[in-house]
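Structure first, then comments.
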Amino acid sequence: MRLLTLREKAINFRKRGYSYGMISKELELAKSTLSNWLQKVPYTPNKEVLKRIGEARMRMAATKRKQVVDDIRAMKKLAERDLGRLSKRDLFLLGIGLYLGDGSKTYENIRVINSNPEIIKIAAKWFREICGFKDENFKACVHLYPDTDIQKTMTYWSGIIGVPKSQFMKTQVDRRNDKSGKKKRKLPYGTLHLQINSCGKKEFGKSFHRRIMGWIEVVKEQI
-16 MRLLTLREKA INFRKRGYSY GMISKELELA KSTLSNWLQK VPYTPNKEVL KRIGEARMRM
44 AATKRKQVVD DIRAMKKLAE RDLGRLSKRD LFLLGIGLYL GDGSKTYENI RVINSNPEII
104 KIAAKWFREI CGFKDENFKA CVHLYPDTDI QKTMTYWSGI IGVPKSQFMK TQVDRRNDKS
164 GKKKRKLPYG TLHLQINSCG KKEFGKSFHR RIMGWIEVVK EQI
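Using this note's numbering, the letters of the sequence shown correspond one by one to residues -16 to 206.
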């Protein structure tokens, strides 16, 4: 029985689904040589090759994730140096910008609507520390999808804004059908409507909403 030539071995490996790199390592041949020999040989990666490809992709993804995390940490340190500690005035202006974007500007209701817990947390802090509202002034309403756990969602938002669930109004469930047939990316905890109840104090009602709108107008005029 004659021995197979290197070229025949290479062709045999290729037909069995091995990559140039694996064949090159096994037969100690240059990839350029293999390219000349095997360019017309049909190739379907075998399980071993596919496994290695998958592992390589996972390593690349892990490396990329680490790089992103490292970049974020570096940018955070840079941001801390740029900003320093936030003052009360910084919070004042931050809240005005937040209310300009997500606050209720009609019907003279003081309310912020968002699905992002960080935004809602800032709004609650602004209401307390800048506007002077007490916990008893807070009212909340959750808007969510039918398959969302209502109690779990209320517990979640209660922790974010720091008020008991007894101050939550009736949950609003969105039962509308999407006629486009496209699946929308659902919000895990819905959207929170955080609003202020004057609790009988006139200065916390419409007049304070007008005050907030005045802050916004002054800021807009200076930009």
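The C-beta atom is built at its ideal place from N, Cα and C for all residues, glycine as well.
Residue span of the beta strand (DSSP E) that contains residue i, given as start and end
| i | result |
| --- | --- |
| Gln178 | Thr174 to Ile179 |
Chain-order list of residues whose beta-carbon lies under 8 Å from that of residue i (same chain, five-residue window excluded)
| i | result |
| --- | --- |
| Val24 | Ile(-6), Arg(-3) and Lys(-2) |
| Leu33 | none |
Expected contact under 8 Å - CB spacing of residue i and residue j to nearest Å
| i | j | result |
| --- | --- | --- |
| Phe121 | Met137 | Phe121 to Met137, Cβ: 14 Å. No contact. |
| Leu177 | Ser98 | Not confirmed; about 12 Å, so no contact. |
| Gly188 | Ser181 | 4 Å |
| Ser141 | Lys135 | Actually they do not touch by this definition, with Cβ atoms about 11 Å apart. |
Identity of the residues DSSP links to residue i by a beta bridge
| i | result |
| --- | --- |
| Arg94 | Gln178 |
| His126 | Gln155 and Thr174 |
| Gly86 | Val95 |
| Phe121 | Ile179 |
Where the alpha helix (DSSP H) through residue i begins and ends
| i | result |
| --- | --- |
| Val51 | Lys30 to Leu66 |
| Tyr207 | Given that the chain is displayed from residue -16 to residue 206, the structure contains no residue 207 and the question cannot be resolved. |
| Arg(-10) | Leu(-11) to Lys(-2) |
| Pro100 | Pro100 to Glu112 |
| Gly115 | Careful: Gly115 lies outside any alpha helix (DSSP H) and carries neither H nor E. |
| Tyr26 | Taken as a continuous stretch (DSSP letters only), Tyr26 belongs to no alpha helix (DSSP H), as it is neither H nor E. |
| Lys8 | Tyr3 to Leu10 |
Contacting residues, own chain, Cβ-Cβ under 6 Å from residue i (five flanking each side not counted)
| i | result |
| --- | --- |
| Tyr3 | Lys14 and Leu17 |
| Ile143 | Pro100, Ile103 and Lys104 |
Residue i beta carbon near the ligand COA (any heavy atom closer than 7 Å)
| i | result |
| --- | --- |
| Glu204 | As for the ligand COA, it is missing from this structure, which has no ligand bound. |
Three-state secondary structure assigned by DSSP to residue i
| i | result |
| --- | --- |
| Ile195 | helix |
| Ser206 | Note that residue 206 corresponds to Ile in the displayed sequence, not to Ser. Note: Ile206 maps to coil in three-state DSSP. |
| Gly188 | coil |
Sequence-distant residues of its chain with Cβ nearer than 7 Å to residue i (five each side left out)
| i | result |
| --- | --- |
| Lys(-8) | Leu10 |
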